[in-house]
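Numbering (our numbering), first residue to last: 3 to 910.
C-beta: ideal position from N, C-alpha, C; glycine also.
This report refers to the structure that appears directly beneath it.
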């Protein structure tokens, strides 16, 4: 159905809605005794069961309205009958719980409005001849991400199916890195940078807008790889609707998020973001309130001109920009088709850091540009934006729900002024109907009870950012989420899980303390058995959720550089003996693939040299190296590929139009099945904590034995095959003089020793290179000189051009680039030893070059300076500090990661 037809249906039902509202008012406000309330609760639960079997959208709507009515009745009863407290502490704790329940009811009501009738928008083909299609600028912003990650996205963007003269790809490098500029030039991609990093990502995008002129702007985060069909599937909507400002597509992740990765016992668990990019965004689209999510979207330039570019006042520039576009009368759309894919955050601490930024940004918008106020929004749009911003205020309510039973179990405060039977009578229908209707509205995008787990994972860490931002909305800064990192071993992230572990300890203590008081000291405490049971059950449920949240803090080992994507594609194997076999892939990545042979073909004892993969109408043949081969299975890695082969591989692996679309929608999971999965996770975690997981310990012992055997074999091979050192052999490590009495020594570090493999060439009006090096924690620099073998273009203007040497952020020397010294100089400068720091240090060499006083080409051939990597060096006088006998410093001083010398690790 279209947006207009659904709205007409709602308007046609105005009379029915009015009558239903009047009946709801009566049902909500009529007081009942306990027996009558239990009858009402039973009828409500039975109705929810019956409606839950209906597959129609109207059945889902009725179920959602039933849940809303029952929950409203519960909240009305809480407001009018249970807010009586006997002490100041009871008042404080009781009002905290009541406000948390009020917040939950508001979110429930807004969620029903938002997701009641999702709009399933389809793609629209571009109109007219290809040379008439809108022009598109593709922006790929980056700051500190690795070139390996950015390269894949750029190559995929350059390969999109769209007239080549109608779109241009630009790499927006806020890190100003020479290797990125060189890469962009080598593949034919535009390269845009700026002199500062003001306003972070929003500033980067706004700066790029002033340098390009396409009528549409497509934006991809540097790890979000578009398919070839992205532009063809989205551009047509802008031709059909002249007031359309934005088409947003889902953020699909081909790598698992920390919850999916660390909870291996739960199969096919939806990602945390699947709910937002499923039911929520489709529901927003019905009310013309689809959000801009910062990536995988396309925006009309004329609309951005009305808002003066991307909003930069908050750290969530995406949602704030969409809100401003809506206020200016522009429309937005959500196309729920996976047209790109990216990397999810690998580790829990990074995942939490990303959510902290989102929470801070949405709270900032709530304070400085509240959607309830101001012009330009419909009532439904205001509610959709309000729900998104209020959602991130869940930390305090979630903590209140987890810890409220402790008020009675530990402090003896009854914070709900009612009997346990009456609380059960009202709460049972409210909780059951809310769970069932939520499951229907959310479909397979979110399993029952997992919303509580996700909130609990984040709640303790998001409290401070949300509360502080409410009072100081202009604080905070944009942070880039690290992607693509590896983890060499499985470990438990105690620091991240510490607040959860403390809460678990409090809940366990509360249960034990309450039971001890009831069974052994009943004559001293007024403990009621039914109230104790109610709070104990509540506390046990809190434990179940907390344990599941703690389970995610066990970071599983991640040593595979490239994520393997399960996909079945036809492939052809070429063997060293000349045979060719048709096969099928099991999984595929940018680093390699796994293939299964057809029946009757044996792969054992055979060497595969090449593999051919389909690439549209063409075939891609790549050299491979066999890693593991079995009778019918072979895993291979790709050998070194040139840029053309790499570009074709990106097209074959990630650029296919059907690369990310699921075979079928994810089916909802029942409440009991979902609860069972959480309990299994809790049981595994308890076994690990108590050391009872024998199978896992056995696997770990086998792995350690294999590692030990490999090391022993390597040691044997090295002792037999390595030649003895020759006295006259030239040194291949940094020159370090013998240590003098008092622990003083001289060390010379050339730029080649600091891993600068070739001469440095700085180009452009502002070229710069950062050279990291280390200093051991038990050493200090007492004297230092820096020698630079430097040459520069004689065409540089001497009064405007400079070469600046910076150490750890402090300027060491500024060299004027005069024509008489351009042929080459060797400069030696003293460096203040106080600038050297224990641990990580950084030497920056910066060229500020100008060849004319008027408008100049930033890529002009006269803008250059060269630095030799072999004749440029740091000469350091280093004094070793005495260390006391402290085993806590191990592996220091035997190994220090900041040491510039290669590691010398003897085998014993």
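Taking 8 Å as the cut-off, the beta carbon of residue 752 is found closer than this to the beta carbon of residue 871.
Under the three-state reduction of DSSP output, residue 336 falls in the strand class. When the Cα atoms are used, residue 426 and residue 37 turn out to be separated by approximately 12 Å.
Contact check for residue 596 and residue 635: beta-carbon distance about 7 Å, within the 8 Å limit, so the pair qualifies.
A residue is called buried once 16 or more other Cβ atoms fall within 10 Å of its Cβ, and residue 416 is buried on that count. DSSP places residue 554 outside any beta strand (DSSP E), giving it a letter other than H or E. In chain order, 373 and 374 place their CB closer than 8 Å to the CB of residue 384, counting only its own chain and leaving out the 5 sequence neighbours on each side. Per DSSP, residue 116 has no beta bridge partner at all.
For residue 584, no alpha helix (DSSP H) segment is defined; the enclosing uninterrupted segment is the beta strand (DSSP E) at 582-590.
Contact annotation: the segment 216-231 touches the segment 331-342, with at least three C-beta pairs closer than 8 Å.
Comparing alpha-carbon positions, the option among 602, 551, 612 and 776 lying closest to residue 686 turns out to be 551. In its chain, beyond the 5 residues on either side, 172, 173, 175, 182, 183, 186 and 187 have a beta carbon closer than 8 Å to the beta carbon of residue 193.
In the DSSP assignment, residue 866 is bridged to 765. In this structure, DSSP gives residue 355 a helical state, which the three-state scheme calls helix. Short of 7 Å from the beta carbon of residue 459, and not among the five residues preceding or following it, lie these beta carbons of its own chain, in chain order: 551 and 554.
In the DSSP assignment, residue 289 falls outside any alpha helix (DSSP H), carrying neither H nor E.
With respect to the 8 Å criterion, residue 877 and residue 750 are classified as neighbours on the basis of their beta carbons. Using a Cβ distance threshold of 8 Å, residue 305 and residue 390 do not count as a contacting pair. Taken in chain order, the complete alpha helix (DSSP H) segments of 4 or more residues contained in the segment 428-502 are 452-473. Judged by beta-carbon spacing, residue 321 lies beyond the 8 Å limit of residue 278, meaning their Cβ atoms are not closer than that value. Taking every protein chain shown into account, the CB of residue 407 has 16 or more other CB atoms within 10 angstroms, so this residue is buried. Contact between the segment 418-425 and the segment 346-358 is absent: fewer than 3 CB-CB pairs across the two stretches fall below 8 Å.
For residue 330, the three-state secondary structure derived from DSSP is coil. In the DSSP assignment, residue 640 is bridged to 626.
Where residue 50 is concerned, there is no enclosing beta strand (DSSP E), although the alpha helix (DSSP H) around it starts and stops at 36-54.
Contact between the segment 282-301 and the segment 456-474 is absent: fewer than 3 CB-CB pairs across the two stretches fall below 8 Å. The criterion of a C-beta distance shorter than 8 Å is satisfied by residue 475 and residue 370. Taking the C-beta atoms as reference points, residue 882 is found nearer than 8 Å to residue 745. Judged by DSSP in its simplified three-state form, residue 607 adopts coil rather than helix or strand. The beta strand (DSSP E) runs lying completely inside the segment 747-810 and spanning 3 residues or more are 762-765, 768-777, 781-794 and 804-809, given in chain order.
DSSP, read as helix, strand or coil, puts residue 344 in strand. Separation of residue 257 and residue 161 (C-alpha to C-alpha, rounded to the nearest whole angstrom) is 22 Å. Between residue 647 and residue 681, the CB-CB gap reaches or exceeds 8 Å. Counting only runs of 3+ residues, the beta strand (DSSP E) found wholly inside the segment 831-858 occupies 841-850, in chain order. Three or more beta-carbon pairs separated by less than 8 Å are not found between the segment 448-462 and the segment 61-68, which leaves the two stretches without contact. Per DSSP, reduced to three states, the secondary structure at residue 197 is coil, with no helix or strand assignment.
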